[in-house]
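Structure record follows, encoded as structure tokens.
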Amino acid sequence: MELPKLNFQETFDFKFKKDKDKFFIYDLIRKTYLLLTPEEWVRQHWVHYYLTVKAYSPSALITEKKILLNGLTKRIDLLVTEKTEPIILIECKAPQIKLTEKTFEQTARYNSIIGAKEIILTNGLQHINAYYENGQYQFYKPE
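FYI, in the UniProt record's numbering the residues of the sequence shown are 1 to 143.
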């Protein structure tokens, strides 16, 4: 299986398995193998980044949390918390998905429910970072 190289300085030690003709990647948060979709490939990079580079505890990361938005059940991709408070909401797209104003607005709508101080919209190749301050998003480039 050909996986695209994503835009991370680090390389991570992923565990894979193959069952019949499908590939799976081990999720350190849920402690199980998940179907390796392009979006999951991106999410697992962020999980490994926060666990290994940023040294967060696995209990500080929440994946695939259900939220209710305008009466519809949605799932957020990844939430980083500190002392159970939402800090960073990460919305992952597959590498071939373009990040647009529309995809950013989707992330901002999810965050209107979650209330994280920061959001990251990513397709693994491009990352859009924004802080929520004074009722609006301030975009920034991380160091």
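For glycine and all other residues, C-beta sits at the position ideal for the given N, C-alpha and C.
DSSP places leucine 51 in the helix class (H, G or I) of the three-state scheme.
Cβ-Cβ separation between asparagine 70 and leucine 89: approximately 17 Å, too far for a contact (criterion under 8 Å).
For alanine 60, there is no enclosing alpha helix (DSSP H), as DSSP gives it neither H nor E. Residue pairing by DSSP places arginine 75 opposite Lys66 in a beta bridge. Leaving aside the five residues that flank asparagine 123 on each side, the residues in its chain whose CB is nearer than 8 Å to its CB run, in chain order, Val42, Cys92, Lys93, Ala94, Pro95, Gln96, Ile97, Lys98 and Leu99. In the same chain as isoleucine 87, and ignoring 5 residues on each side of it, the C-beta atoms closer than 7 Å to its own belong to Val80, Thr81, Ala116, Lys117 and Glu118, in chain order. By the CB criterion at 8 Å, isoleucine 114 and isoleucine 76 fall inside the cutoff.
With 16 or more other CB atoms across the displayed protein chains lying within 10 angstroms of its CB, valine 47 is buried. A distance below 8 Å separates the beta carbons of phenylalanine 8 and tyrosine 49.
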